[in-house]
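These notes concern the structure reproduced below.
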Amino acid sequence: MRTRAALGGVFASIAVLTIGWQVGSSATPTTTSQPTASGSTDSSASTANSSTSSNDGTYTGDSVSTRFGDVQVQITVSGGALTDVTALQLTDHDGKSVQISNRAAPVLRSEVLQAGSANVNTVSGATYTSDAYLTSLQSALDQAGL
Amino acid sequence: MRHTFTTMGTVASLETADTGALTIPSVEAIFRDYDAHFSLYRPDSELSRIASGSLALRNSTRWTLDTYGDALSWRERTSGAFTPHRPDGVMDLNGIVKALAIRDAGCVLAAASGKPWCLNVGGDVLADGTEKGAPWDVGIADPADRTALLTVIELTGTRRAVATSGDAERGDHIWRGGSRERPEFSQVTVVADEIVAADVLATAIMAGGRATLDELTDTRDIDVLTVTATGDLMATPKLRLSH
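Sequence lines, in order, name chains A and B.
Taken in order, the first sequence gives residues 37 to 182; the numbers are from this note's numbering.
Taken in order, the second sequence gives residues 872 to 1114; the numbers are from this note's numbering.
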């Protein structure tokens, strides 16, 4: 359970989780400023160390820099509980704001190549002609009846 | 059981456990009908007659108009990156017709039996039956080495379609809206629930480059793997090994 006293830690965790989701385990995010464990942030919202629901509202975490751009997270506290997490901002290196999304990112071949590549049912590739098919992997699969 | 047949200038491979006598002829007939109607390589097809001016579009069949309408709606949904027109203005529905035929064939195969099947037409794949058994493993060809694979994608659950667009084999079907710039990608693979979406969006990203890639991965439920001319890869999160 996320406690209000650890709100700063929540900020950090959410930021890391979000970055991990976006860029994969290969990412080595560097934080520009680390939220403190006391729960205060550099955001415009007030500190979230109260035990009452008077601190309901939205809180904005620090912007964290990754090699793909900057990310910032906003949370909503309602009735003293964390009720919503929003990826507030992700900018690319041109400073344009983009959504945290399903975007494609550069990967090494070793990051997509799976073991057992030879054991496939079928092959997707650029459309081949009937002649080119004869020398294709698909043709080999079909002839083998695999 | 594997069955192969030539159609639309390429080869179709159907893997199915269904041994019904009518299933394979029905699938072949779908491709034959689409090709006879829409091919620009056949002078007697309706599209060839429209292209030559001997048939006015307003006098064409409902089938042509509906398909043209489909293609135009995909043009809208891809901000113009996919287009059903050649640079000379001739209506060319080749960019969508093969996928429509695969979709229709998939309906026949699904209705024929509850058994798994996998249909590959010229490198575009639609499969079913994965929820009942093991996933279909679809290799993605390496555009730089046609005997090698870049990766293997598992088709499972609602993810049933893989389409790859590229200039490695038959690069004649992608119109870049008159752009003279070299394409950013040499190959684009799209994984989606529907084969028409996969095929059209792969073509659109191939034509529109990075901007179209970002726009479509932001707005549509697809997984994408791209290869640049220098062999560099980009992939959406689900296609990276770490996920």
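Even for Gly, the Cβ is constructed at its ideal location relative to N, Cα and C.
With 16 other Cβ atoms within 10 Å as the buried cut-off, status of residue i
i       : result
B:D959  : exposed
B:N930  : exposed
B:D1089 : exposed
B:A981  : exposed
A:A162  : buried
B:R830  : For residue 830 of chain B there is no data in the structure shown, the boundaries of chain B being 872 and 1114.
A:E147  : buried
A:G75   : Here the model assigns A:G75 a pLDDT of 40, short of 50, so the residue's position is not dependable, and the following value carries that caveat. A:G75 should be labelled buried.
B:D904  : exposed
A:Q108  : buried
B:L914  : Note on identity: in this sequence residue 914 of chain B is Pro, with Leu being the wrong assignment. The residue is exposed, with fewer than 16 neighbouring Cβ atoms inside 10 Å.
B:L1084 : buried
Distance between residue j and residue i (C-alpha atoms, nearest Å)
i       : j       : result
B:A1078 : B:A1069 : 14 Å
B:D941  : B:G1004 : 34 Å
B:T1099 : B:G1010 : 18 Å
B:G1021 : A:R145  : The amino acid at residue 1021 of chain B is misidentified as Gly; the sequence shows Leu. Roughly 7 Å separates the two Cα atoms.
B:L1093 : B:D1064 : For the record, residue 1093 of chain B in the displayed sequence is Ile; it is not Leu. One C-alpha to the other measures close to 8 Å.
B:M1105 : A:A141  : 5 Å
A:V121  : B:K1109 : 22 Å
A:Q110  : A:T119  : 11 Å
B:V1033 : B:I921  : 31 Å
A:S160  : A:T112  : 45 Å
B:S910  : A:V156  : 31 Å
B:F1056 : B:G1037 : 8 Å
B:V1071 : B:V1059 : 11 Å
B:L1026 : B:Y912  : 33 Å
B:I1066 : A:S90   : 52 Å
B:A865  : B:V1062 : Given a span of 872 to 1114 for chain B in the structure shown, any question on residue 865 of chain B remains unanswerable.
A:Y106  : A:D98   : Reading the sequence as shown, one finds Asp at residue 106 of chain A and not Tyr. If I take the Cα positions, the gap works out to 10 Å.
B:T1035 : B:S984  : 28 Å
A:G116  : A:Y95   : 13 Å
B:T1107 : B:V1095 : 6 Å
B:W945  : A:D92   : 45 Å
B:T1018 : A:S172  : 7 Å
B:N965  : B:P955  : 8 Å
A:L177  : B:G924  : 43 Å
B:I895  : B:V992  : 14 Å
B:G880  : A:S166  : 6 Å
B:T887  : A:S114  : 54 Å
Whole-Å CB distance - residue i paired with residue j, under 8 Å assumed
i      : j       : result
B:V882 : A:Y169  : 4 Å
B:T938 : B:L971  : 7 Å
B:T878 : B:F902  : 4 Å
B:T908 : B:E899  : Reading off the sequence, residue 908 of chain B comes out as His, not Thr. About 15 Å; that fails the 8 Å criterion.
B:D999 : B:R1031 : 6 Å
B:K986 : B:D889  : 5 Å
* Asked: Which ranges does the alpha helix (DSSP H) cover as unbroken runs of at least 4 residues, wholly within the segment 902-945 of chain B, from first to last along the chain?
  -> 917-923
* To do: Just list the alpha helix (DSSP H) runs in the segment 950-1036 of chain B, keeping only unbroken ones of 4 residues or longer that don't cross its boundaries, in chain order.
  => 965-983
* Asked: When you check each C-beta in the segment 973-1000 of chain B against every C-beta of chain A, which residues fall closer than 9 Å?
  -> C989, L990, N991, V992, G993, G994, D995, V996, A998
* Below 7 Å between beta carbons is the criterion; list the residues of the segment 154-176 of chain A that meet it against any residue of chain B, in chain order. => N155, V156, N157, T158, V159, S160, G161, A162, T163, Y164, T165, S166, A168, Y169, S172, L173, Q174
* To do: Closer than 7 Å, Cβ to Cβ, to anything on chain A: give me those residues from the segment 872-900 of chain B, in chain order.
  => R873, T875, T877, G880, T881, V882, S884, E886
* In chain order, which continuous runs of the alpha helix (DSSP H) of length 4 or greater are located wholly inside the segment 1046-1105 of chain B? -> 1066-1090
* To do: Compile a chain-ordered list of the residues in the segment 97-123 of chain A whose CB is closer than 8 Å to at least one CB of chain B.
  => none
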